[in-house]
Amino acid sequence: MDSLEGCSDLNDDSSSDLFKFERQYTDSVTDTRWLDATEMAAWRAFVSTSHLLERRIEEQLKADAGLTHPQYEILVVLSESPGHQMRMTELARDVVVSKSALTYQITQLEKAGLVERATCPSDERGVLAVLTEKGMSRLRQVAPGHVEVVRAYLIDRLSREELRAMTSAMRKTEEALRSSA
């Protein structure tokens with residue numbers, strides 16, 4: 001069933017209950033560009049799908065390896081980095097977390113023996129996060145289940161054309177968000 005079936009005309013905001021709030025608070029003084037029905041449907045689908053997928057991923061990672069999603073992403077990024085190491089500031093940027101959140105996650109991973117901290121040889125003020133053998137082993141253990149969840153709930157449900165369109169849309173959004181930070 002098309003996810004938009006059963007909705008009132010998506011181009012006619014006046015017939016939709018989705019916009020009662022917006023209409024109630026819209027007047028000639030505000031210049032807010034409220035979402036129309038098509039935009040609202042896209043936004044709500046994105047938000048609910050993101051939350052549901054994140055929940056499934058978290059459940060799988062916790063069950064298979066006792067990891068959180070951010071911890072898994074840290075291990076993945078480190079595994080793909082030269083020497084399986086990266087400066088903490090770069091790692092925070094790549095994993096899209098604050099420096100303090102990264103520090104917390106690295107501390108947890110360090111306690112589990114999955115990463116170590118090291119001084120950056122080219123800049124003694126810099127700190128490296130280094131993936132340990134145990135961390136690489138844990139990543140190899142959990143990655144197949146992670147890929148199964150991502151495939152089952154996202155990748156295998158979309159055509160190649162839809163995947164390309166999603167990638168394009170998300171890259172535009174990511175670029176806008178990163179450039180405004």
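Under full-length UniProt numbering, think of the first position of the sequence shown as 1, with each following residue one higher.
Every residue, glycine too, gets a C-beta built ideally from N, C-alpha and C.
Computed from a predicted structure; not experimentally measured.
In this structure the stretch 42 to 57 does not touch the stretch 107 to 114; the number of beta carbon pairs closer than 8 Å is below three. Rounded to whole angstroms, the Cβ separation of Leu75 and Leu163 is 25 Å, and the two are not in contact under 8 Å. For Ala118, DSSP records a beta bridge to Leu128. An exposed status is given to Ala42, since fewer than 16 other beta-carbon atoms sit within 10 Å of its beta-carbon. CA-to-CA, the gap between Glu116 and Leu78 works out to about 11 Å. Judged by beta-carbon spacing, Leu61 lies within the 7 Å limit of His69, meaning their Cβ atoms are closer than that value.
The beta carbon of Leu114 lies closer than 7 Å to those of Leu75, Thr132, Lys134, Gly135 and Arg138 in the same chain, with the five residues before and after it left out. Per the DSSP secondary-structure output, Met86 pairs in a beta bridge with Ala129.
Counting the other Cβ atoms within 10 Å of the Cβ of Leu177 gives fewer than 16, which makes it exposed. Looking at the backbone, the Cα of Val127 and that of Leu35 are separated by about 44 Å. For Asp156, no pairing in a beta bridge is given by DSSP. Taking the C-beta atoms as reference points, Gln141 is found no nearer than 7 Å to Ala92.
For Ser79, the uninterrupted alpha helix (DSSP H) segment begins and ends at His69 to Glu80. For Thr32, there is no enclosing alpha helix (DSSP H), as DSSP marks it with neither H nor E. In the DSSP assignment, Ala65 falls within the unbroken alpha helix (DSSP H) covering Ala37 to Ala65. As computed with DSSP, Asp94 is found in no beta bridge at all.
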